[in-house]
Each structure stands twice: as structure tokens, then as C-alpha cells.
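Heads up, the thing below is written out as C-alpha cells.
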Amino acid sequence: MLERKQRKNRTDITFVLPADSPPGPVSVVGDFNDWDPHAHPLHVREDHTRAVTVALPLESSHSFRYLAAGDYWFNDESADGWAGANSLVNT
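Have a look at this one:
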């Protein structure tokens, strides 16, 4: 799931997953972090979901995927669209 918060000069996108699906550590990787799996790991929130927030430029589109333990790549079904094999988020 994607949560958005508009700011004056950016959009904060929060990438949210259930606490246990898939199991183990998960990161969001995309063109906004040079596909670096260490840049944006998801952390457990008080509501037991996992999330990470990334600040992105206004009026932009970005490709992303999730990377879980065991080299398991997957997309976000709530994404704004698709860019090839990747999920797409628009700000």
C-alpha cells in the first residue's frame, strides 16, 4: 500500500506492507535510490505493519519494487501503474 503526504516542495511516499508477509526483512528499491537494497529498509510500526517513507520530487514518476530475504523481488498491487516489470508511483 502507498500512503502520500503532499509537502510544499515534495511528496512523502510511505511504502507499507503487512508485518509478516513476506517474512523477514524487506526493502523498497527503485530509481529514487539507485536500486540500493540497503537505502530504504521497512521498519515495524505501532500498528504492526512495516513501512518506510521516501521524499520524492513533485510531479514525478518512479519505478520501484520490494526486495525481501532470499532475493525475492515483488511489486506493490496498489501501485499507480507499471513500468515493465516494475511498480510505478506518481507524485
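Heads up, the sequence shown is in the numbering used here, so the first residue is -18 and it goes up one at a time.
The C-beta atom is built at its ideal place from N, Cα and C for all residues, glycine as well.
Item                                                                                                                                                           : Value
Of the residues 25, -18 and -9, which one's Cα is nearest the Cα of residue 38?                                                                                : -9
Which residues in the same chain have their Cβ closer than 6 Å to the Cβ of residue 57, if we skip the five residues on either side of it in sequence?         : 68
Going along the chain, which residues of its own chain have a beta-carbon closer than 8 Å to the beta-carbon of residue 31, five neighbours each way excluded? : -3, -2, -1, 0, 7, 23, 24 and 25
Alpha carbon to alpha carbon, what distance is there between residue 3 and residue -15?                                                                        : 23 Å
Once DSSP output is grouped into helix, strand and coil, what is the label at residue 12?                                                                      : helix
Thinking C-alpha only, which one of 35, 5, 34 and 66 is nearest residue 52?                                                                                    : 5
What is the rounded straight-line gap between the Cα of residue 40 and the Cα of residue 21?                                                                   : 21 Å
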